[in-house]
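Engineer: Chains A and B supply the protein sequences, listed in that same order. Mapping of the first sequence onto our numbering: position 315 corresponds to residue 315, and the numbering continues sequentially without gaps. Our numbering runs 523 ahead of the 1-based position in the second sequence. Quick one: the structure is below, questions incoming.
There are 2 protein chains.
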Amino acid sequence: MTTHDTGNDRMNGAESLVRTLLAGGVDTCFANPGTSEMHFVAALDQIAGMHCVLGLQENIVTGMADGYYRIAGKPACTLLHCGPGLANGTANLHNARRARSGIVNIVGDQATYHRPLDAPLTADTDGLARVVSNWVRTTTAAADVGRDAAAAIQAARTHPGQIATLILPSDASWDAGGVVADVPPPPSPAAINPRAVEEAERMLRGGGRTLLLLAGDGVRATSQELAWRIAKATGADLMADFVNGRLERGRGRAPIQRVPYGADAALKALAPYGQIILVNARPPVGFFAYPGKPSIRYRANAKLHVLSRPEQRAEDALQALVDALGAPEAAIPSPEPAREIGRGAPSAEGLAQTIAALMPEGAIVSDESISYGHGLYHATHAAPPHDWLHLTGGAIGDGLPVATGAAVAGRRERRVIGIQADGAALYSLQSLWTQARERLPVTTIILNNRRYGVLLGEYERVGAVPGENAMAMLSLGEPGMSWVKLAEGFGVEAATATTLEQCADLLRESFRHPSPFVIELMT
Amino acid sequence: MTTHDTGNDRMNGAESLVRTLLAGGVDTCFANPGTSEMHFVAALDQIAGMHCVLGLQENIVTGMADGYYRIAGKPACTLLHCGPGLANGTANLHNARRARSGIVNIVGDQATYHRPLDAPLTADTDGLARVVSNWVRTTTAAADVGRDAAAAIQAARTHPGQIATLILPSDASWDAGGVVADVPPPPSPAAINPRAVEEAERMLRGGGRTLLLLAGDGVRATSQELAWRIAKATGADLMADFVNGRLERGRGRAPIQRVPYGADAALKALAPYGQIILVNARPPVGFFAYPGKPSIRYRANAKLHVLSRPEQRAEDALQALVDALGAPEAAIPSPEPAREIGRGAPSAEGLAQTIAALMPEGAIVSDESISYGHGLYHATHAAPPHDWLHLTGGAIGDGLPVATGAAVAGRRERRVIGIQADGAALYSLQSLWTQARERLPVTTIILNNRRYGVLLGEYERVGAVPGENAMAMLSLGEPGMSWVKLAEGFGVEAATATTLEQCADLLRESFRHPSPFVIELMT
Chain A
1 MTTHDTGNDR MNGAESLVRT LLAGGVDTCF ANPGTSEMHF VAALDQIAGM HCVLGLQENI
61 VTGMADGYYR IAGKPACTLL HCGPGLANGT ANLHNARRAR SGIVNIVGDQ ATYHRPLDAP
121 LTADTDGLAR VVSNWVRTTT AAADVGRDAA AAIQAARTHP GQIATLILPS DASWDAGGVV
181 ADVPPPPSPA AINPRAVEEA ERMLRGGGRT LLLLAGDGVR ATSQELAWRI AKATGADLMA
241 DFVNGRLERG RGRAPIQRVP YGADAALKAL APYGQIILVN ARPPVGFFAY PGKPSIRYRA
301 NAKLHVLSRP EQRAEDALQA LVDALGAPEA AIPSPEPARE IGRGAPSAEG LAQTIAALMP
361 EGAIVSDESI SYGHGLYHAT HAAPPHDWLH LTGGAIGDGL PVATGAAVAG RRERRVIGIQ
421 ADGAALYSLQ SLWTQARERL PVTTIILNNR RYGVLLGEYE RVGAVPGENA MAMLSLGEPG
481 MSWVKLAEGF GVEAATATTL EQCADLLRES FRHPSPFVIE LMT
Chain B
524 MTTHDTGNDR MNGAESLVRT LLAGGVDTCF ANPGTSEMHF VAALDQIAGM HCVLGLQENI
584 VTGMADGYYR IAGKPACTLL HCGPGLANGT ANLHNARRAR SGIVNIVGDQ ATYHRPLDAP
644 LTADTDGLAR VVSNWVRTTT AAADVGRDAA AAIQAARTHP GQIATLILPS DASWDAGGVV
704 ADVPPPPSPA AINPRAVEEA ERMLRGGGRT LLLLAGDGVR ATSQELAWRI AKATGADLMA
764 DFVNGRLERG RGRAPIQRVP YGADAALKAL APYGQIILVN ARPPVGFFAY PGKPSIRYRA
824 NAKLHVLSRP EQRAEDALQA LVDALGAPEA AIPSPEPARE IGRGAPSAEG LAQTIAALMP
884 EGAIVSDESI SYGHGLYHAT HAAPPHDWLH LTGGAIGDGL PVATGAAVAG RRERRVIGIQ
944 ADGAALYSLQ SLWTQARERL PVTTIILNNR RYGVLLGEYE RVGAVPGENA MAMLSLGEPG
1004 MSWVKLAEGF GVEAATATTL EQCADLLRES FRHPSPFVIE LMT
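Quick look at the structure:
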């Protein structure tokens, strides 16, 4: 990659970093800085163009960057402080990696000559970074900062998105000699293999129950249209992965079921298929193993065929298959618009109906509803077109920060609706403050059931009745939390709803104001 | 180590784990469980004797285990869920490692046969564990769980304390064939090297300004008495490390200054010393490097001598030196008891005076006051005897959980006082809920200055005036947080104080009730 001299010998590493990021199209920085990043902060202050968004804890920061990428389609950078700061943000980087989001992490670290002294905050930053990153580099001199940042941006932009972590010792940041670097385009995704297309065509023409399992960009609207044509032309079924980084849904989009979460339901759903064609999807397996149940969710004798890998473009693969099959245009049927809200005591189906009826067009749903959420999927198909974001890596605590980052990416113009289990919300409730500070149009529905619902279900699956010690670890009552007070404590307006009508009223009111709001829904 | 058959062929791995933990004296479990730990939860439910304490996020869990060890002097176990759960708790494990606390982490993980399928929550658990652990093992069969847990306990109890992480695949937990194991005693610490004692004696007798730098158990009361005798007999000075896991303070304890945090102050404090004898301390270096300032805090030509390493017993080393010097008994002078509270607008000195005057005997102070705290040290020497716990690893967010775990270790009989910077408190505010749930006598003073005070100081050191982007990352106002609402949201009573008199009234009231309380002190 090329670098160019700006004619300013006194540019330090931090300044070359900021200028390289901006030149590479990275104009949003989710930050939680520390002492070793002060020169980077100073450079962000002195050079115009970067939108800096503070997160109160690093898992908020990385979760926001994940949500941002899923909507903006381009990476933001994060600013994290040393190994422990990176560790704090690792769980949501794990989720982002599973969502295949692109992120440029800038991790400030001890000065190169200070690190061997093993000062208190010193940790194995590189070791931590490698656990969740597709690309890691530690810069060691100011002159290399621009070059390395350009490489990080290129890595983050590599389809469909990668976690790139640049570790920046403080002296590389403050020393003079920074050089701004041009960011080369990322490599093109690998072309679709014609023989993989031929084999898929052969399977589809050969009869037998066949499933097209879609994941990654295979669940975006353009891919759905192509998959729908294939399904109509061949009689194959369509299904999406259980978790998806960004699922385009609502009227006009294909009515695609997801692989169920529960072992028995998933096994039943996939049992009919002797053939499964994987479109950017991986073979469906359980989140967890259970005694006496198979780990895989498909028939042991099913034939699995990889049409395209996650690193390829699903749209290209599906287009090639449409062409091979000569599959004609096929209109996707749309249900009647949802008009009726749910009534009475909250239920998943009633809440879904309510959200579908009230959701503005172009909304973004950040879904960390966990156990409650399995009932939300069906009714929301009748909502206006919207994006639905899942917890992709299973590390709870991504819902609130993903919603926050998505709202930043939506430039405050798209309503974000968080559907949020209470236990998971407690991992990253600090996100609410950033929503208030940035005046983001995020409406969060906290599903307050005062327990780890999913775990009580799992516990019963172990075959036990929860006693004192189990409830000590699975209940969130005693004392019950007040989500209204917690939200207000962070500067976000909030109210409690105990019926779906109340919830609907609060949703309507919230959608009228370009500011965050929390609805504590007692379930 | 020996194992014994319980005559119960149907004992599963999880049950053998719980019975081995209890047999090894580990009777407190700080937990945040997930699906893969349900059999462990069931075993904890069915076998009496373990006190299970829920943390709402893993950094609360690990921070509580750190605070527990510092006061109880024996390890608790943690229960964490998979790699991302461990990652969430890594920052406070980093702090615990720096405090040399002993902790037995039990990290549930994917079943051995499920892990290769790379389900969404699968991560490099072993890689993460190695970053912060002194001992790591992944058990692979139920029959080995007891043996491996015993080894983990032994490792955690190795002087002065170690982080031991046992990764437990779910099938090792649920399979039958568990065997309870006896826990062998940990190896004795290495004996003190007589030649190291001779050299220290020679240095002290030789004249020249000499400093005894104390750390680890070198700052406990018994060590202080010995160090005081050495100081009185030889004219040497005493100093403690800047951060200490547990510093015994108050009247009757030696008036030992700490190495200052700031570079200039630390260089000035250590400049007089041509000789530094390290008692379980490491050579004093800066937390961070700064341009143009040395990384080390002592004179470049000073002679540093290691009397004892952190893994040895400071008391033994100091006793040997007392004996070699023939240093006579020497009474430690005590200041008059603090009686007057501070008055008017809050200041660090006034707050210290107030706390010193009101603190009950045997209190525990969890100090995460960061920038505010440098002024707290002097006046509290006149308080009744108490323990003072520092943020040992510099990874902010340990104050609230360490206070919570310390209160558990104090069996609700010792008052815990948290002196807590607001920015750092936001990392782990969920701790307040555990304090309410466990009805712990913790009084937390939140120093609400609505900014990252330490970072603004660091920023000015860069030589810059903070502009819009810098303040976007360094200010915590806009909106200001209400700590009263946040605490009440978690079920903890709270009130705001704007003067030291109000703060004193709230402290007095709080000390009368065996329950948690939050004082939001506007500073």
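C-beta: ideal position from N, C-alpha, C; glycine also. Bear in mind the structure is a predicted one, so any value in this text is a computation, not a measurement.
(1) Identify the continuous alpha helix (DSSP H) that holds threonine 354 of chain A and give its terminal residues.
(2) How would you list, in chain order, the residues of chain A whose beta-carbon sits under 8 Å from the beta-carbon of threonine 558 of chain B?
(3) Does chain B have any CB closer than 8 Å to the CB of methionine 1 of chain A?
(4) Can you find the residues in the same chain that come closer than 6 Å, C-beta to C-beta, to alanine 812 of chain B, ignoring five residues on each side of it along the sequence?
(5) Taking the alpha-carbon of glutamate 936 of chain B as reference, which of B:Ala886, B:Ala918, B:Asp764 has the nearest alpha-carbon?
(6) Taking the alpha carbon of arginine 258 of chain A as the reference point, which residue from A:Ala281, A:Gly350, A:Thr125, A:Gly206 has its own alpha carbon closest?
(7) When you check each C-beta in the stretch 79 to 105 of chain A against every C-beta of chain B, which residues fall closer than 7 Å?
(8) Are aspartate 740 of chain B and alanine 853 of chain B touching if we call contact CB-CB under 8 Å?
(9) Considering only the beta carbon of each residue, do leucine 727 of chain B and alanine 759 of chain B sit closer than 8 Å?
(10) Just the C-alpha distance for arginine 725 of chain B and proline 795 of chain B, rounded to the nearest angstrom, thanks.
(11) For serine 475 of chain A, which residues does DSSP report across the bridge?
(12) Buried or exposed: where does proline 333 of chain A fall if 16 or more other Cβ atoms within 10 Å of its Cβ makes it buried?
(13) Can you tell me whether histidine 682 of chain B is helix, strand or coil according to DSSP?
(14) For histidine 909 of chain B, which beta-bridge partners are listed by DSSP?
(15) When the cut-off is 8 Å and only beta carbons count, does histidine 682 of chain B lie next to chain A?
(16) Please confirm if phenylalanine 1013 of chain B has its CB atom under 8 Å from at least one CB of chain A.
(17) Is it the case that the stretch 89 to 102 of chain A contacts the stretch 47 to 54 of chain A, given that we only count it when at least three CB pairs across the two stretches are under 8 Å?
(18) Quick one: Cα of tyrosine 592 of chain B to Cα of valine 931 of chain B, how far?
(19) Measuring from the CB of glutamate 1032 of chain B, is there a heavy atom of the ligand NAP at a distance below 7 Å?
(20) Relative to the alpha-carbon of isoleucine 1042 of chain B, which residue among B:Pro814, B:Glu560, B:Ala1010, B:Gly1014 has its alpha-carbon at the smallest distance?
(21) Give me whichever residues DSSP pairs with proline 169 of chain A in a beta bridge.
(22) Okay, do the stretch 1013 to 1021 of chain B and the stretch 472 to 487 of chain A touch, 3+ Cβ pairs below 8 Å being the bar?
(23) Name the chain B residues whose beta carbon is nearer than 7 Å to that of leucine 117 of chain A?
(24) In terms of DSSP beta bridges, what is isoleucine 445 of chain A paired with?
(25) Name, in chain order, the residues that DSSP records as bridge partners for phenylalanine 553 of chain B.
(26) In angstroms with no decimal places, state the Cα-to-Cα distance between glycine 127 of chain A and glycine 375 of chain A.
(27) Return the residue from the list B:Thr585, B:Thr543, B:Gly785, B:Gly873 that minimises the CA-CA distance to valine 977 of chain B.
(28) For the putative contact between threonine 78 of chain A and threonine 62 of chain A, defined by C-beta atoms under 8 Å, what is the C-beta separation to the nearest angstrom?
(29) For the stretch 234 to 250 of chain A against the stretch 97 to 107 of chain A, are there 3 or more C-beta pairs whose distance is under 8 Å?
(30) When you compare the CB of leucine 770 of chain B with every CB in chain A, is at least one pair closer than 8 Å?
(31) If you draw a straight line from the alpha carbon of aspartate 671 of chain B to that of arginine 439 of chain A, how long is it in whole angstroms?
(32) From alanine 918 of chain B to valine 655 of chain B, what distance separates their C-alpha atoms?
(33) Is there contact between the stretch 465 to 477 of chain A and the stretch 572 to 581 of chain B, where contact requires at least three CB pairs shorter than 8 Å?
(34) Alpha carbon to alpha carbon, how far is tyrosine 900 of chain B from alanine 875 of chain B?
(35) Can you pull the DSSP bridge partners for glutamine 798 of chain B?
(36) Determine whether the beta carbon atoms of glycine 67 of chain A and threonine 404 of chain A lie at a separation below 8 Å.
Structural biologist: Taking the coordinates as given:
(1) 348 to 358 is the extent of the alpha helix (DSSP H) around threonine 354 of chain A.
(2) Near threonine 558 of chain B (Cβ distances below 8 Å), the residues of chain A are Phe287, Phe288, Val454, Leu455, Glu458.
(3) Confidence at methionine 1 of chain A is low in this model, with a pLDDT of 39, below 50, so its placement is unreliable and no value can be given for it.
(4) Cβ neighbours of alanine 812 of chain B beyond the five flanking positions: Ser818.
(5) It is B:Ala886.
(6) Arginine 258 of chain A has its Cα closest to that of A:Ala281, out of A:Ala281, A:Gly350, A:Thr125, A:Gly206.
(7) Hits within the stretch, in order: Pro84, Ala87, Asn88, Thr90, Ala91, His94, Arg98.
(8) Between aspartate 740 of chain B and alanine 853 of chain B, the CB-CB gap reaches or exceeds 8 Å.
(9) Taking 8 Å as the Cβ cut-off, leucine 727 of chain B and alanine 759 of chain B qualify as a contacting pair.
(10) A direct Cα-Cα distance of roughly 19 Å separates arginine 725 of chain B from proline 795 of chain B.
(11) According to DSSP, which records beta bridges pairwise, serine 475 of chain A is partnered with A:Arg451.
(12) Answer is exposed; the Cβ neighbour count stays below 16.
(13) It is coil, neither helix nor strand.
(14) In the DSSP output, where bridge partners are listed per residue, histidine 909 of chain B has B:Arg772, B:Ala886.
(15) Contact of histidine 682 of chain B with chain A is not assigned, every C-beta pair being separated by 8 Å or more.
(16) So yes, phenylalanine 1013 of chain B belongs to the interface.
(17) In short, these stretches do not touch, since the Cβ pair count stays below three.
(18) Here the alpha carbon of tyrosine 592 of chain B sits roughly 10 Å from the alpha carbon of valine 931 of chain B.
(19) By its list of ligands, the structure shown contains no ligand whatsoever, and the ligand NAP lies outside what it can speak to.
(20) Taking only the C-alpha atoms, the option nearest isoleucine 1042 of chain B is B:Ala1010.
(21) Residue pairing by DSSP places proline 169 of chain A opposite A:Asp109 in a beta bridge.
(22) Yes, since at least three Cβ pairs between the stretch 1013 to 1021 of chain B and the stretch 472 to 487 of chain A fall closer than 8 Å, the two stretches touch.
(23) Scanning chain B for C-beta atoms nearer than 7 Å to the C-beta of leucine 117 of chain A yields Val808, Ser818, reported in chain order.
(24) According to the DSSP secondary-structure assignment, isoleucine 445 of chain A is paired through a beta bridge with A:Ile419, A:Ile519.
(25) DSSP, once it has assigned bridges, lists B:Val576, B:Thr601 as partnering phenylalanine 553 of chain B.
(26) Going from the Cα of glycine 127 of chain A to the Cα of glycine 375 of chain A covers about 40 Å.
(27) Closest in C-alpha terms to valine 977 of chain B, from the list B:Thr585, B:Thr543, B:Gly785, B:Gly873, comes B:Gly785.
(28) That belief holds up - the Cβ atoms of threonine 78 of chain A and threonine 62 of chain A are roughly 6 Å apart, short of 8 Å.
(29) Taking a cut-off of 8 Å for Cβ pairs, the stretch 234 to 250 of chain A and the stretch 97 to 107 of chain A touch, as three or more such pairs fall below it.
(30) Not an interface residue.
(31) Computed Cα separation, rounded: 51 Å.
(32) Distance between the alpha carbons of alanine 918 of chain B and valine 655 of chain B is about 13 Å.
(33) Yes: the two stretches touch, three or more of their Cβ pairs being nearer than 8 Å.
(34) One alpha carbon belongs to tyrosine 900 of chain B, the other to alanine 875 of chain B, and they sit about 7 Å apart.
(35) Bridge partners of glutamine 798 of chain B: B:Thr733, B:Lys826.
(36) In this structure, threonine 404 of chain A lies closer than 8 Å to glycine 67 of chain A by Cβ.
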